[in-house]
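Okay, structure first, notes after.
Number of protein chains: 2
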Amino acid sequence: MAPAVTINDVAKLAGVSIKTVSRVVNREPNVRQHTRDAVQKAIQSLNYKPSLAARGLAGGRSFLVGLMFDNASDSFLVDLQRGILRICRDHHYGLALCPASRASDRTEDLMLWVTSTQPDGIVLTPPLSDDRDLVDRLLAAGVQFVSVSSAGTGSGPAVYIDEAHAARAMAEHLIASGYRDIGFIKGPAEHACSELRYRGFIEAMQAANLPVNPDWIQVGSFDFESGLDAAKKILGSNKNQGQSRRPQAIFASNDDMAAGVMHAAYQDGLSVPDDLAVAGFDDTPISRQFWPSLSTVRQPIEKIGEHAAGLLMNCIAPGTAMINRTDTSTSSDTSIVLPYELMVRGSTQPAKPQPAKP
Amino acid sequence: MAPAVTINDVAKLAGVSIKTVSRVVNREPNVRQHTRDAVQKAIQSLNYKPSLAARGLAGGRSFLVGLMFDNASDSFLVDLQRGILRICRDHHYGLALCPASRASDRTEDLMLWVTSTQPDGIVLTPPLSDDRDLVDRLLAAGVQFVSVSSAGTGSGPAVYIDEAHAARAMAEHLIASGYRDIGFIKGPAEHACSELRYRGFIEAMQAANLPVNPDWIQVGSFDFESGLDAAKKILGSNKNQGQSRRPQAIFASNDDMAAGVMHAAYQDGLSVPDDLAVAGFDDTPISRQFWPSLSTVRQPIEKIGEHAAGLLMNCIAPGTAMINRTDTSTSSDTSIVLPYELMVRGSTQPAKPQPAKP
DNA sequence: ACTCTCATTGACAGCGCTGTCAACAGTCAT
DNA sequence: ATGACTGTTGACAGCGCTGTCAATGAGAGT
């Protein structure tokens, strides 16, 4: 398991000291070009790769980034990983996973992982990024971390989109499409974005002078089942009393729950979008695959991952090229707000003509 | 970044040598119970966690498992990760990700990752597990690895389900439901399972004496778009010639492609399952969420991950409890075949009565 | 009592690398 | 020519831990 070829072999072959090889490997300055070339050649010919463990022990850095998550959705996690991995690869960093346990003391567990793995930086995903306790412990431990979070705890750098604004835009789209009776399915409280998305919805409704029917506001847990349940409640809320009133549209605060809504609609024999329009949030793959395809808000998750890792690298791996953050992002001191995109698709576009002014 | 508390601190507090602490930490025998307790107490009170890097360097093991993947589907990857992580956690192992690069020499890249990260073991996922070159290099490097693969290269331990059998079972279900004209969408060639699933389908058709229409056999790449395209070809294959014949059912060899088929069907104004039955493979979340929900074959991916990691631990972390493999699995020498499950759902159950014998 | 065994413990030397610091050019202004 | 400086290199001491091996003590057999 020990690497077949060590720094010693390279040094010998190149006719320099191991320290010089170390300098070349670490891209340190003050090495003559000639020497550098010779070492590079030796490295190439021996196919040398420094041992992470040794570098970690000697240098006090592990060249490892940790990704902490708790119960994240599949596509979110994978997309984020993809983005982070791309940047890590560029910086010769590895990525280690740190799932939150169901144990009694989640924070303690996570911190133990930190002290044993000793990652140079951590990417925190919601809802962990909204967890004051954890963030404080991380801060106290002096570990670099970047939050992927809509609002988070306000501590440390973060990468996010303007959730409230995005949700408001979607709600406005619904309103502009002629829907007046609109239901909403909130996310769980431990996610900071839940409140923000809800706020955006409310703002849009108030701005349009539309009433918000409390029966049509439900709370889910961001998964399909909870969306299904919430939709059943909304759609069936007045059945008992014989008032068959139901909303013309339901805005679910993520796609999985929106999928639940559509499923519930079909179960009730409703057609989407003619009987019920449905909107989601996240632009997970499923939103494109559904029939009709789901209107949603696209978060550039992979990009978010890239920027999060990029911020980490800025602190952690100084001197290496940072990722291009001049693109479409608004970058403040340490935090980055990425643009969202409204994806209007079939689930909110009724075939029958809508009156512009109801 | 260095851990605040080292093995030295523990040793001092417990009044023993660091070697004894090391013994306790590593659960080595030949430590008096009294001593062991004292050390444990010291560890607890100091909140000590050994440094992975130091253990790796000194002991020649990294306590890291690598997960190698290339372009795996979201839910597959996440489920597998979940399973692996559970076992890793139990054995105090970490999980590092190793995505295949799009670089010219994929194998070389992966091997460099191996020599620098020096994982104690690797979980290989398809299509990497079907890559002869890579497997040979791994073998040559003497790295422990477990394949998650239907057939693989036949080298080293593997965990898988009987793909051909499963596909055959699904095809038989379709046939038993009264469908005679059945199309099939194969997976890409670099996945060994593609051939196996196809074989299962063919076997069932032949056993039932049903003809296989070559126009109704297409090849996809396991993603939604390719399923959509393949379905369009199958459904529209004879439109030009005015022969409106199309299959009564399409069996896609994974759920993402099956989603594409359903999407294509809806685009053509066909209803599922009345005009076209659709079956998938994998039981990804989407299959439950679709309307109608998708008949598919459930692979216990998380369990597969657990078993793969378990096999790894057997070689890597001897002495630690191995995972319970007596459950429903058939375990040969080193490989494990897990049971699949046929999930019959709405997409293959026509509302209108089907003649038992057409 | 005396040896032989074996369980228990610790001293010590590294693992492969980096940080520190000293050594030694070469360059330039004086 | 002298000193001061900067750029380039290597010797060496660890990083926190484990493997090896030797030392100790306790019990078993004669």
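First to last, the protein sequences are chains Z and X.
The numbering used here numbers the first residue of the first sequence as 1 and each following residue consecutively.
The numbering used here numbers the first residue of the second sequence as 1 and each following residue consecutively.
Here a beta-carbon is modelled for each residue, glycine too, at the ideal position from N, C-alpha and C.
Would you kindly work out how many angstroms separate the C-alpha atoms of ARG137/X and SER149/X, rounded to a whole number?
To locate residue 137/X, count along the second sequence from 1; it is residue 137. To locate residue 149/X, count along the second sequence from 1; it is residue 149. C-alpha separation (whole angstroms): 18 Å.
Show which residues of chain X have a CB atom less than 7 Å away from the CB atom of ALA286/Z.
Working through the first sequence from its first residue, we reach residue 286/Z at position 286. Per the sequence presented here, residue 286/Z reads as Ile, with Ala not at that position. Simply ILE286 and GLN289.
So is PHE251/X in contact with chain Z if we call contact Cβ pairs under 8 Å?
Numbered from its first residue, the second sequence carries residue 251/X at position 251. No, no contact with chain Z.
Going by the DSSP bridge assignment, what does ARG36/Z pair with across the sheet?
Locating residue 36/Z in the first sequence gives position 36, where the first residue counts as 1. DSSP, once it has assigned bridges, lists no residue as partnering ARG36/Z.
What would DSSP say about VAL31/Z, mapped onto helix, strand or coil?
Stepping through the first sequence from its first residue, residue 31/Z is reached at position 31. Three-state DSSP puts VAL31/Z in coil, outside helix and strand.
In the DSSP assignment, find the unbroken alpha helix (DSSP H) run with ALA103/X in it and report its ends.
Counting from one through the second sequence, the residue named residue 103/X turns up at place 103. Per DSSP, ALA103/X belongs to no alpha helix (DSSP H) and is neither H nor E.
Could you spell out the range, first to last residue, of the beta strand (DSSP E) harbouring ALA252/Z?
Numbered from 1 along the first sequence, position 252 holds the residue referred to as residue 252/Z. Here the beta strand (DSSP E) through ALA252/Z covers 249 to 252.
Identify every residue that forms a DSSP beta bridge with MET68/X.
Residue numbering aside, residue 68/X sits at position 68 when the second sequence is read from its first letter. Answer is CYS98/X and LEU124/X.
If you run the structure through DSSP and keep just helix, strand and coil, what is PHE224/X?
Locating residue 224/X in the second sequence gives position 224, where the first residue counts as 1. Helix.
Counting only runs that start and end within the segment 136 to 173 of chain Z, where is the beta strand (DSSP E) found for 3 or more residues in a row?
With a minimum length of 3 residues, the continuous beta strand (DSSP E) runs that stay inside the segment 136 to 173 of chain Z are 144 to 148 and 158 to 161.
GLY83/X to HIS91/X, Cα distance in whole Å?
Taking the second sequence and counting its residues from 1, one reaches residue 83/X at position 83. Taking the second sequence and counting its residues from 1, one reaches residue 91/X at position 91. The alpha-carbon atoms of GLY83/X and HIS91/X are separated by roughly 13 Å.
Answer with yes or no whether the minimum CB distance from SER62/Z to chain X is below 8 Å.
Taking the first residue of the first sequence as 1, we reach residue 62/Z at position 62. For SER62/Z, the answer is yes, since a Cβ of chain X falls inside 8 Å of its Cβ.
With 16 other CB atoms within 10 Å as the buried threshold, where does GLY60/Z fall?
Taking the first residue of the first sequence as 1, we reach residue 60/Z at position 60. Exposed, by the Cβ-count rule.
Just to confirm, are ALA345/X and LEU294/X a CB contact at a threshold of 8 Å?
Start at 1 with the first residue of the second sequence, and residue 345/X comes out as number 345. Start at 1 with the first residue of the second sequence, and residue 294/X comes out as number 294. A small fix is needed here, since residue 345/X is Arg in this sequence, not Ala. Cβ distance < 8 Å, so ARG345/X and LEU294/X count as in contact.
Go to ALA204/X, then tell me how far its alpha helix (DSSP H) extends in each direction, as first and last residue.
Sequence index remark: in the second sequence, residue 204/X carries index 204 (1-based). Start and end: 192 to 207.
Identify the residues that DSSP records as bridge partners of LYS12/Z: which are they?
Locating residue 12/Z in the first sequence gives position 12, counting from the first residue. Bridge partners of LYS12/Z: none, in fact.
In chain order, what residues of the same chain lie with their CB nearer than 8 Å to the CB of GLU225/X, ignoring the 5 residues before and after it?
Here residue 225/X is taken as the residue at index 225 of the second sequence, counted from 1. GLY260, listed in sequence order.
Have a look at the DSSP bridge pairing and note the partners of GLN267/X.
On the second sequence, residue 267/X is found 267 positions in, with the first residue counted as 1. Answer is none; GLN267/X lacks a bridge partner.
In terms of residues, what are the limits of the beta strand (DSSP E) holding ALA54/X?
Here residue 54/X refers to the residue found at position 54 when the second sequence is read from its first residue. From DSSP, ALA54/X is part of no beta strand (DSSP E) but of the alpha helix (DSSP H) over 52 to 59.
With a threshold of 8 Å, are at least 3 pairs of Cβ atoms found where one atom belongs to the segment 33 to 46 of chain Z and the other to the segment 63 to 71 of chain Z?
As far as the Cβ criterion goes, the segment 33 to 46 of chain Z does not touch the segment 63 to 71 of chain Z, which means the pair count is below three.
Out of LEU196/X, GLN248/X, ALA176/X and ASP268/X, point me to the one whose CA is closest to ALA277/X's CA.
The residue you call residue 277/X lines up with position 277 of the second sequence. The shortest C-alpha separation from ALA277/X is found at GLN248/X.
Suppose the cutoff is 6 Å on Cβ atoms and the five residues either side in sequence are ignored; what does the same chain contact list for ASP120/Z look like?
Within the first sequence, residue 120/Z is the residue found at index 120, counting from 1. Correct list, in chain order: ARG61, SER62 and ILE316.
Using 8 Å as the threshold, is the segment 164 to 171 of chain X in touch with the segment 185 to 201 of chain X, meaning 3 or more CB pairs across them?
Touching, yes, given that three or more Cβ pairs across the two stretches are closer than 8 Å.
Using 8 Å as the threshold, is the C-beta distance between GLU302/X and ASP79/X below it?
Numbered from 1 along the second sequence, position 302 holds the residue referred to as residue 302/X. Numbered from 1 along the second sequence, position 79 holds the residue referred to as residue 79/X. Yes, the Cβ-Cβ distance between GLU302/X and ASP79/X is below 8 Å.
Return yes when the Cβ of VAL135/Z is within less than 8 Å of the Cβ of SER155/Z, no when it is not.
The residue given as residue 155/Z occupies position 155 in the first sequence. The residue given as residue 135/Z occupies position 135 in the first sequence. Yes. Within cutoff.
Is it true that the CB of ARG168/X sits closer than 8 Å to the CB of LEU210/X?
Mapped onto the second sequence, residue 210/X falls at position 210. Mapped onto the second sequence, residue 168/X falls at position 168. Cβ atoms of LEU210/X and ARG168/X: not closer than 8 Å.
ALA96/X CB to nearest chain Z CB: under 8 Å?
For this step, residue 96/X is matched to residue 96 along the second sequence. It does: the Cβ of ALA96/X has a partner Cβ on chain Z nearer than 8 Å.
When the distance is taken between beta carbons, is PHE222/X closer than 8 Å to GLY187/X?
Translated into positions along the second sequence, residue 187/X becomes position 187. Translated into positions along the second sequence, residue 222/X becomes position 222. For GLY187/X and PHE222/X, yes; Cβs fall inside 8 Å.
Below 8 Å CB to CB, which residues in the same chain sit around TRP291/Z once its five sequence neighbours on both sides are set aside?
Position 291 of the first sequence, counted from the first residue, corresponds to residue 291/Z. Hits under 8 Å: GLY346.
What does a CB cutoff of less than 6 Å around THR125/X pick up in its chain, not counting 5 residues either side in sequence?
Residue 125/X sits at position 125 when you count from the first residue of the second sequence. Excluding residues within five positions, the ones whose Cβ falls inside 6 Å are PHE69, ALA72 and VAL148.
State yes or no: is the C-beta of LEU342/Z within less than 8 Å of the C-beta of VAL297/Z?
For the purposes of this step, residue 342/Z is identified with residue 342 of the first sequence, where counting begins at 1. For the purposes of this step, residue 297/Z is identified with residue 297 of the first sequence, where counting begins at 1. Going by C-beta atoms, LEU342/Z is nearer than 8 Å to VAL297/Z.
Put VAL272/X into one of helix, strand or coil per three-state DSSP.
As a working note, residue 272/X is residue 272 in the second sequence. Three-state result, VAL272/X: coil.
Skipping 5 residues on each side, what residues in its chain have a beta carbon closer than 8 Å to that of GLN118/X?
As a first step, residue 118/X must be located in the second sequence, where it is residue number 118. Closer than 8 Å at the Cβ level, and outside the excluded window around GLN118/X, lie GLY56, SER62 and LEU64.
Using a Cβ-Cβ cut-off of 6 Å (strictly less than) and excluding sequence neighbours within five positions of ALA258/X, which residues of its own chain qualify?
In the second sequence, counting from the first residue as 1, residue 258/X sits at position 258. ALA252, VAL278, GLY280 and LEU294.
List the whole-angstrom C-beta distance separating VAL5/Z from THR20/Z, where the pair is believed to meet the contact cut-off of C-beta under 8 Å.
Indexing the first sequence from 1 puts residue 5/Z at position 5. Indexing the first sequence from 1 puts residue 20/Z at position 20. About 17 Å separates the two Cβ atoms, so there is no contact after all.
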